[in-house]
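Undergrad:
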Amino acid sequence: MTTSEIAAEGGAFDPHAIQQKWQALWAEHDPFRAGGDEDTRPRKYVLAMFPYPSGDLHMGHAENYLYSDIVARFWRHRGYNVLNPIGWDSFGLPAENAAIKRGADPREWTYQNIDQQKASLKQYGVSFDWSRVLHTSDPEYYRWNQWLFQRLYDRGLAYRKESPVNWCPADQTVLANEQVVDGHCERCGAEVTKKKLTQWYFRITQYADRLLDDLNQLEGFWPHKVLQMQRNWIGRSVGADIDFEIEGRDEKVTVFSTRPDTLHGATFFVVAPDSDLASELAAGASAEVQERFRGYLETVQKTSEIDRQTADRPKTGVFLERYAVNPINGERLPIWAADYVLADYGHGAVMAVPAHDQRDLDFARAFGLPVKVVVDTLAPLTGAIPVIELDENGVPIDPASAGADDVDPAKTGVALTGEGRMINSGSLNGLSKRNAIARAIEQLEAGGAGRAAKNYRLRDWLISRQRFWGTPIPMVHTSDGRIVPVPDDRLPVELPSITGLDLTPKGTSPLGGASEWVATTDPETGEPALRDPDTMDTFVDSSWYFLRFLSPGSAAEAFSPAEADKWGPVDFYIGGVEHAILHLLYARFITKALFDMGLVEFTEPFSSLINQGMVILNGAKMSKSKGNLVLFQEELEQHGADALRVALAFAGPVEDDKDWADVSTTGAAKFLARALRVASEVTSAPDAVWAEGDVALRRVTHRLWADVHGLVEQTKFNVVVARLMELVNAIRKTIDTGPGAGDPAVREAAEAVAMVLDLFAPHTAEEMWAKLGYAPFVGLVSWRQPDATLLVEESVTAVVQVNGKVRGTLQVPAKISSEELEAVARADEKVRRSLGDREITRVVVRAPKVVSFTVA
Ligand code: ANZ
1 MTTSEIAAEG
11 GAFDPHAIQQ
21 KWQALWAEHD
31 PFRAGGDEDT
41 RPRKYVLAMF
51 PYPSGDLHMG
61 HAENYLYSDI
71 VARFWRHRGY
81 NVLNPIGWDS
91 FGLPAENAAI
101 KRGADPREWT
111 YQNIDQQKAS
121 LKQYGVSFDW
131 SRVLHTSDPE
141 YYRWNQWLFQ
151 RLYDRGLAYR
161 KESPVNWCPA
171 DQTVLANEQV
181 VDGHCERCGA
191 EVTKKKLTQW
201 YFRITQYADR
211 LLDDLNQLEG
221 FWPHKVLQMQ
231 RNWIGRSVGA
241 DIDFEIEGRD
251 EKVTVFSTRP
261 DTLHGATFFV
271 VAPDSDLASE
281 LAAGASAEVQ
291 ERFRGYLETV
301 QKTSEIDRQT
311 ADRPKTGVFL
321 ERYAVNPING
331 ERLPIWAADY
341 VLADYGHGAV
351 MAVPAHDQRD
361 LDFARAFGLP
371 VKVVVDTLAP
381 LTGAIPVIEL
391 DENGVPIDPA
401 SAGADDVDPA
411 KTGVALTGEG
421 RMINSGSLNG
431 LSKRNAIARA
441 IEQLEAGGAG
451 RAAKNYRLRD
461 WLISRQRFWG
471 TPIPMVHTSD
481 GRIVPVPDDR
491 LPVELPSITG
501 LDLTPKGTSP
511 LGGASEWVAT
521 TDPETGEPAL
531 RDPDTMDTFV
541 DSSWYFLRFL
551 SPGSAAEAFS
561 PAEADKWGPV
571 DFYIGGVEHA
581 ILHLLYARFI
591 TKALFDMGLV
601 EFTEPFSSLI
611 NQGMVILNGA
621 KMSKSKGNLV
631 LFQEELEQHG
641 ADALRVALAF
651 AGPVEDDKDW
661 ADVSTTGAAK
671 FLARALRVAS
681 EVTSAPDAVW
691 AEGDVALRRV
701 THRLWADVHG
711 LVEQTKFNVV
721 VARLMELVNA
731 IRKTIDTGPG
741 AGDPAVREAA
751 EAVAMVLDLF
761 APHTAEEMWA
771 KLGYAPFVGL
781 VSWRQPDATL
791 LVEESVTAVV
801 QVNGKVRGTL
811 QVPAKISSEE
821 LEAVARADEK
831 VRRSLGDREI
841 TRVVVRAPKV
851 VSFTVA
């Protein structure tokens, strides 16, 4: 059915006319603007992750901004002063790549798309506070990225270093670890290589412990999966740093180990081939080994980190003809270079304990190195529950009968990683693994050869990019080799015009080619100097944008700490699970850094988080290349905003994927037409006293009032829509076959529909509200309280028959299910007596009235 047919059927439902009318009124009166200091209502900050302006909105956006709008509208109805802002994450590669293709300015593409998305969001009826719009690519915004950079630089949290970085050969830019997925560029899919470059970093590792520990506060408020992904990403390991002497070298080499208890079992030593240490050690070896090492290093440099960490890959390596000395027993350990040790984890070197570490064992077996067991994993620990192992036939292996050979890792190839008691380990002998770890650390500390240490998988955040369309890094390289910040009063460092600039990726920033722009002066001496040509990772922009919304357009500060105190942290944040790691981790880090600067009073930016599912089509992800897109604008034009919104909200739980093939926009449009029609039929006067009305209808209305708060707070939006449909049907029934349209209960119910429908179909809801004789806006009306006397469940009398004779009656809730009714009947004392122990051959249940048993 088309909308015009629906309009004909519903009488007055013309979604486009209603939409235009109410959107014009909202634009004129601005009812959804957040209140200022004069507003005494409590505050709520509702936020959906801001969009990237790539073309028009898609169905994923439709879903995201619908959900945040439902929540924003809900809190307004609850009497809160709600902040629901919108902005654009408008720097980044797609704009630049589109510009290169068409020889245009990335600005044009970006701002055109922003305008289109803005118009679409307005048509969609989202209750944003439009007075706070921001675009991260505006100098007025990115100047504060530069300010943030300087504040981090002041505190040693922004720094430059040379190190091997992930390099995307297609996009010709560096990538953060987070932007490398399975060895490939997250954006373009090209295989990522390593390149040694000097880059700018943010020292997020300094916050690793806090980023990890504070996740506990979010338990129950963020999806558990996201918390777990953050934990794994930070990847804290606890153990010891142990210093080893290297024969013929003055400086000691430190290794990180989670198993200092196994020090006596170390039989060799491994360094990452691509570490400086490996090259240095190799340089002292024979010509032949040097040659072999060089060849090996070349292969390793072409191997991805993922491959290097793959467990079942054959082990490779080169003996460097050098020895390390075990600090605990003076044993000489041959030093190998092998690629399973990574240069940038721990210290890029390990003590190898083949008996108890699988990778070391594989290596030892491949190169014939000794294996020494130091933990007897067969020795029971007091109080420990014995683990019974099964052989390949499923027969329990008796630990007492298992000979040492059965478990010797050198023979079985299986490292002993379990619990047990220390053996062959001098003074550690007899201790459990856990106690031995503690004792070994004490011994190392006492001997000055080691200390307790933690290690993280998390790396510092590489923020410089060799691309044009981003925030220029506000640093200056002086002619005498200093690197100095651009003073605050000279910010922003604005991007130059693209005239005469070649944006094609070349491995260095295109900004370097803007010679007039690059040429500047040393802020301290006034001597000629050069600007840093790199731009910032766009995740910097989104790491603090939620604070900028609090001080829209301020030229004096990035955000007002006083406003942050009033509004922050964000109460309800919603977005895609694709941001589970990067964006959230960076925003959490920057919030903590700002907390340490005394600028915000909270340490976590988002108090609660929801990840919405995806909108898919026939089981498949929608994509331009597959040509299976459902177009937002088309849907909007065909069915109107409200039908689209209701259909999406009704399609299923927020977190689930929604298959557009199962979504019924026509069904939603019909429902809206019915809702509007009942409102127009109401004949009683506004502000009626309805205590007298039809009780059955009143019960449905008040059950909605009783449940709706909880349902929305648990984001069960689809259930709320179902309850609205139920209520509209009940109203229809009362009008058609009950006391009629003049009954006060009809008005009461229709008003409830309008007030709650506002969450999903705000234009229709406003129209209903007007038809019911009230002044706008229903979006600002406080919701009603349920009448407790109407919530008591209605009960009915059910009859129980045995072989056709009435044997009992039961008082049961009117809504009882057949299963429940049968169970209640079977449990009834009188019924049980008349059934006796005869066999029941048939049961017929007609809830809530009859249960009929046939017995033999
Ligand atoms: C000796 C040892 C004995 C180890 C044992 C483990 C078991 P996680 O838990 O991932 O932090 N290691 C240290 N640095 C490394 C590097 N750069 N590349 C590869 N491996 C490295 O792992 C920590 C363990 O990984 C460390 O503890 C070290 O091996 C190894 F029975 O030291 B262990």
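122 is the number that the working numbering gives to position 122 of the sequence shown; each next residue is one higher, with no gaps. Even for Gly, the Cβ is constructed at its ideal location relative to N, Cα and C. Since we're looking at a predicted model, the values are computed, not measured.
Have a look at Phe268 and Gly60 and give me their C-alpha separation to the nearest angstrom.
TA: Position 268 of the sequence shown, counted from the start, is the residue given in the question as residue 268. Position 60 of the sequence shown, counted from the start, is the residue given in the question as residue 60. Near 54 Å, if we compare the C-alpha coordinates of Gly60 and Phe268.
Undergrad: Provide the residue span of the beta strand (DSSP E) that contains Asp243, from first to last.
TA: Taking the sequence shown and counting its residues from 1, one reaches residue 243 at position 243. Start and end: 236 to 246.
Undergrad: Taking the alpha helix (DSSP H) that His61 falls in, what are its first and last residues?
TA: The residue given as residue 61 occupies position 61 in the sequence shown. 59 to 77 is the extent of the alpha helix (DSSP H) around His61.
Undergrad: Mind pulling the beta strand (DSSP E) runs of 3 or more residues that sit fully within the stretch 441 to 479?
TA: Correct list: 450 to 456, 475 to 478.
Undergrad: Between the Cα of Ala788 and those of Phe91, Leu780, Leu704, spot the shortest distance and give me the residue it belongs to.
TA: Here residue 788 refers to the residue found at position 788 of the sequence shown. Here the closest residue by C-alpha is Leu704.
Undergrad: Which residue marks the beginning of the alpha helix (DSSP H) containing Ala364, and which one marks its end?
TA: Stepping through the sequence shown from its first residue, residue 364 is reached at position 364. Element bounds for Ala364: 358 to 367.
Undergrad: Which residues mark the beginning and the end of the alpha helix (DSSP H) in which Glu829 is found?
TA: Walking along the sequence shown from the start, residue 829 turns up at place 829. Unbroken alpha helix (DSSP H) run through Glu829: 829 to 835.
Undergrad: Report all residues from its chain with a CB closer than 8 Å to the CB of Gln23; omit the five preceding and five following residues, and keep chain order.
TA: Residue mapping note: residue 23 aligns to position 23 of the sequence shown, counting from 1. Result list for Gln23: Lys122, Gln123, Gly125, His763, in chain order.
Undergrad: Check whether the Cβ of Thr254 lies closer than 8 Å to any heavy atom of the ligand ANZ, and answer yes or no.
TA: Residue numbering aside, residue 254 sits at position 254 when the sequence shown is read from its first letter. Checking the Cβ of Thr254 against the ligand ANZ gives no.
Undergrad: Classify Val712 as buried or exposed, calling it buried when 16 or more other Cβ atoms lie within 10 Å of its own Cβ.
TA: Position 712 of the sequence shown, counted from the first residue, corresponds to residue 712. It is buried - the Cβ of Val712 has at least 16 other Cβ atoms within 10 Å.
Undergrad: What are the boundary residues of the alpha helix (DSSP H) that includes Lys195?
TA: In the sequence shown, residue 195 corresponds to position 195, counting from 1. Careful: Lys195 lies outside any alpha helix (DSSP H), inside the beta strand (DSSP E) at 193 to 202.
Undergrad: Span of the beta strand (DSSP E) holding Tyr323?
TA: Within the sequence shown, the letter at position 323 stands for residue 323. Segment 318 to 325, the beta strand (DSSP E) holding Tyr323.
Undergrad: Nearest-angstrom Cα distance between Lys592 and Phe602?
TA: Counting from one through the sequence shown, the residue named residue 592 turns up at place 592. Counting from one through the sequence shown, the residue named residue 602 turns up at place 602. Approximately 8 Å between the Cα atoms of the pair.
Undergrad: Pull up the distance between the alpha-carbon of Val778 and that of Trp769, whole angstroms please.
TA: On the sequence shown, residue 778 is found 778 positions in, with the first residue counted as 1. On the sequence shown, residue 769 is found 769 positions in, with the first residue counted as 1. Whole-angstrom Cα-Cα distance: 6 Å.
Undergrad: Any chance the CB of Arg451 is under 8 Å from a heavy atom of the ligand ANZ?
TA: Here residue 451 is taken as the residue at index 451 of the sequence shown, counted from 1. No.
Undergrad: Please state if the CB of Pro523 and the CB of Val476 are separated by a distance shorter than 9 Å.
TA: The residue labelled residue 476 in the question sits at position 476 within the sequence shown. The residue labelled residue 523 in the question sits at position 523 within the sequence shown. In this structure, Pro523 lies closer than 9 Å to Val476 by Cβ.
Undergrad: Please identify the residue among Gln172, Leu495, Asn455 whose C-alpha is closest to the C-alpha of Asn232.
TA: As a first step, residue 232 is located in the sequence shown; it is residue number 232 there, counting from the start. The shortest C-alpha separation from Asn232 is found at Asn455.
Undergrad: Would you mind sorting Ala814 into buried or exposed? The rule is 16 or more other CB atoms within 10 Å of its CB.
TA: As a working note, residue 814 is residue 814 in the sequence shown. With fewer than 16 Cβ atoms within 10 Å of its Cβ, Ala814 is classed as exposed.
Undergrad: Among Pro15, Tyr141, Lys118, which one has its Cα closest to the Cα of Phe549?
TA: Numbered from its first residue, the sequence shown carries residue 549 at position 549. The residue with the shortest Cα to Cα distance from Phe549 is Tyr141.
Undergrad: Tell me whether Lys658 is buried or exposed, calling it buried when 16 or more other Cβ atoms sit within 10 Å of its Cβ.
TA: Walking along the sequence shown from the start, residue 658 turns up at place 658. By the 10 Å Cβ count, Lys658 comes out buried.
Undergrad: Shorter than 8 Å, the distance from the beta carbon of Leu342 to the closest heavy atom of the ligand ANZ, or not?
TA: Within the sequence shown, residue 342 is the residue found at index 342, counting from 1. Yes.
Undergrad: Taking only the alpha-carbon atoms, compute the straight-line gap between Pro551 and Leu584 and give it to the nearest angstrom.
TA: Taking the first residue of the sequence shown as 1, we reach residue 551 at position 551. Taking the first residue of the sequence shown as 1, we reach residue 584 at position 584. One point to set straight first is that residue 551 is Ser, not Pro, in the sequence displayed. Cα to Cα, the separation comes out at about 22 Å.
Undergrad: By the DSSP assignment, the beta strand (DSSP E) with Gly162 in it spans what residues?
TA: Counted from its first residue, the sequence shown places residue 162 at position 162. Position check: residue 162 holds Glu in this sequence, whereas Gly was assumed. Its beta strand (DSSP E) spans residues 158 to 168.
Undergrad: Which stretch, first to last residue, makes up the beta strand (DSSP E) that contains Trp769?
TA: Indexing the sequence shown from 1 puts residue 769 at position 769. Premise fails: Trp769 lies in the alpha helix (DSSP H), 762 to 771, not in any beta strand (DSSP E).
Undergrad: For Ser304, which residues in the same chain have their Cβ closer than 6 Å to its Cβ, ignoring the five residues on either side in sequence?
TA: Looking up residue 304 in the sequence shown gives position 304. Excluding positions up to five away in sequence, the list reads Gly183.
Undergrad: Please say whether Phe468 and Leu495 have beta carbons closer to each other than 9 Å?
TA: By 1-based counting over the sequence shown, the position of residue 495 is 495. By 1-based counting over the sequence shown, the position of residue 468 is 468. Yes, the Cβ-Cβ distance between Leu495 and Phe468 is below 9 Å.
Undergrad: Would you mind stating whether Ile441 and Arg451 have Cβ atoms separated by less than 9 Å?
TA: For the purposes of this step, residue 441 is identified with residue 441 of the sequence shown, where counting begins at 1. For the purposes of this step, residue 451 is identified with residue 451 of the sequence shown, where counting begins at 1. Taking 9 Å as the Cβ cut-off, Ile441 and Arg451 qualify as a contacting pair.
Undergrad: Taking the alpha carbon of Ile483 as the reference point, which residue from Ser163, Thr525, Arg747 has its own alpha carbon closest?
TA: Sequence index remark: in the sequence shown, residue 483 carries index 483 (1-based). Out of Ser163, Thr525, Arg747, Thr525 has the C-alpha closest to the C-alpha of Ile483.
Undergrad: Tell me whether Glu219 sits in a helix, a strand or coil according to DSSP, three-state version.
TA: For this step, residue 219 is matched to residue 219 along the sequence shown. Three-state DSSP puts Glu219 in a strand.
Undergrad: Determine the direct distance from the alpha carbon of Arg459 to that of Glu245, and round the result to whole angstroms.
TA: The sequence position of residue 245 within the sequence shown is 245, counting from 1. The sequence position of residue 459 within the sequence shown is 459, counting from 1. Each residue's alpha carbon lies about 27 Å from the other.
Undergrad: Less than 8 Å between the CB of Gly349 and some heavy atom of the ligand ANZ, yes or no?
TA: Here residue 349 refers to the residue found at position 349 of the sequence shown. Before going further, note that residue 349 is Ala rather than Gly in the sequence given. For the ligand ANZ, at least one heavy atom lies less than 8 Å from the Cβ of Ala349.
Undergrad: Secondary structure at Ile328, three-state DSSP: helix, strand or coil?
TA: Taking the sequence shown and counting its residues from 1, one reaches residue 328 at position 328. It is coil, neither helix nor strand.
Undergrad: Using only the alpha-carbon positions, how far apart do Gly864 and Leu547 sit?
TA: Residue 864 lies beyond the residue range present for the chain, which begins at 1 and ends at 856; the question has no answer from this structure.
Undergrad: At the level of alpha carbons, what is the spacing between Lys849 and Val796?
TA: Residue 849 sits at position 849 when you count from the first residue of the sequence shown. Residue 796 sits at position 796 when you count from the first residue of the sequence shown. Their backbone Cα atoms lie some 8 Å apart in a straight line.
Undergrad: On the three-state DSSP scale, how would you describe Ser257?
TA: To locate residue 257, count along the sequence shown from 1; it is residue 257. Strand, per DSSP.
Undergrad: For the beta strand (DSSP E) containing Pro813, name the first residue and the last one.
TA: Counting from one through the sequence shown, the residue named residue 813 turns up at place 813. Segment 805 to 813, the beta strand (DSSP E) holding Pro813.
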